[in-house]
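J.: If you use numbering that gives the first Met the number 0, the sequence shown corresponds to residues 0 to 174, in order.
Ideal Cβ positions, reconstructed from N, Cα and C, are used throughout, including at glycine.
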Amino acid sequence: MKLEPARLAGLVALAAAASVVGCSRSAAPPEPDRPDGILKLDEAGFRRLREKYRGRVLLVNFWATWCEPCREEFPGLVRLDRTFRDHGLSVVAVSMDEPESISDIKEFLKSQSAEFGSYLHNFHDFAALVDSINPDWGGGIPATFLYDRQGALVHSWEGGTSYEEFARSVRPLLP
0 MKLEPARLAG LVALAAAASV VGCSRSAAPP EPDRPDGILK LDEAGFRRLR
50 EKYRGRVLLV NFWATWCEPC REEFPGLVRL DRTFRDHGLS VVAVSMDEPE
100 SISDIKEFLK SQSAEFGSYL HNFHDFAALV DSINPDWGGG IPATFLYDRQ
150 GALVHSWEGG TSYEEFARSV RPLLP
């Protein structure tokens, strides 16, 4: 059976469109569980991220490679993850760096031996995101948000925070 050129072109276009729709990343929640799997995270992705970790205590840290207080705080986040991961805590880092800095982000995460989920911001309306997370957040970094197992925000920090302070807030939330 021979297809007419117009019909063949239509079938090719339909197949191409189906493959693009089928490969869309926006349909599935982001799944980076290793620093070398950094994905961009937008507002909808942040909501899906919080849903993904429902049932676990979730600590989300907004940081950047150029932010000295962020860099100073980071070893405490790595320690927190290692100490409490098996007890029900998930730590997630969201870099506020520009996309061009992805190699710097990966290098920093590797130097810290970070093993938790890592994302790169891709927020279209950062002010709206800030309001949806915590209207009291001024948008500065480092900023860290702690969610209980039901997904409710229970604590937030803006500015460099110590491992001890994070641990004091995390411990009572763990099973």
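Whole angstroms are fine: how far does the CA of Glu106 sit from the CA of Glu164?
T.: 27 Å
J.: Is there contact between the region 77 to 94 and the region 49 to 67, where contact requires at least three CB pairs shorter than 8 Å?
T.: yes
J.: Between the alpha carbons of Asp96 and Pro171, how many angstroms are there, rounded?
T.: Taking the Cα positions, Asp96 is about 32 Å away from Pro171.
J.: For Phe125 versus Gly138, is the C-beta distance shorter than 8 Å?
T.: Result yes, Cβ atoms of Phe125 and Gly138 sit closer than 8 Å.
J.: Using a Cβ distance threshold of 8 Å, determine whether the region 67 to 74 contacts the region 141 to 159, with at least three qualifying pairs required.
T.: Under the three-pair Cβ rule at 8 Å, the region 67 to 74 counts as touching the region 141 to 159.
J.: Within 10 angstroms of the Cβ of Asp80, are there 16 or more other Cβ atoms? Answer buried if so, exposed if not.
T.: buried
J.: Are the Cβ atoms of Glu42 and Leu128 separated by less than 8 Å?
T.: Yes. Within cutoff.
J.: Return the CA-CA distance between Ser112 and Pro74, expressed in angstroms with no decimal places.
T.: 9 Å
J.: Going by DSSP in three states, Gly137 sits in which element: helix, strand or coil?
T.: coil
J.: Please name the residue, chosen from Leu108, Gly150, His123 and Val169, that lies closest to Gly36 on a Cα-to-Cα basis.
T.: Leu108
J.: Among all the DSSP beta bridges, which residues are the ones paired with His86?
T.: His86 pairs with nothing; no bridge assigned.
J.: Please report the straight-line C-alpha distance between Asp147 and His120, rounded to a whole angstrom.
T.: The straight-line gap from Cα to Cα measures roughly 23 Å.
J.: Mind reading off the beta-carbon distance from Arg53 to Gly116? Whole number of angstroms is fine, and I expect it under 8 Å.
T.: Between Gly116 and Arg53 the Cβ distance is about 15 Å, and since that is not below 8 Å, they are no contact.
J.: Specify the secondary structure class of Ser117 as computed by DSSP and reduced to three states.
T.: Ser117: strand per DSSP, three-state reduction.
J.: Note down the Cα distance separating Pro134 from Arg46, rounded to an integer number of angstroms.
T.: 16 Å
J.: Go ahead and pull the three-state DSSP assignment for Phe122.
T.: Here Phe122 sits in coil by DSSP.
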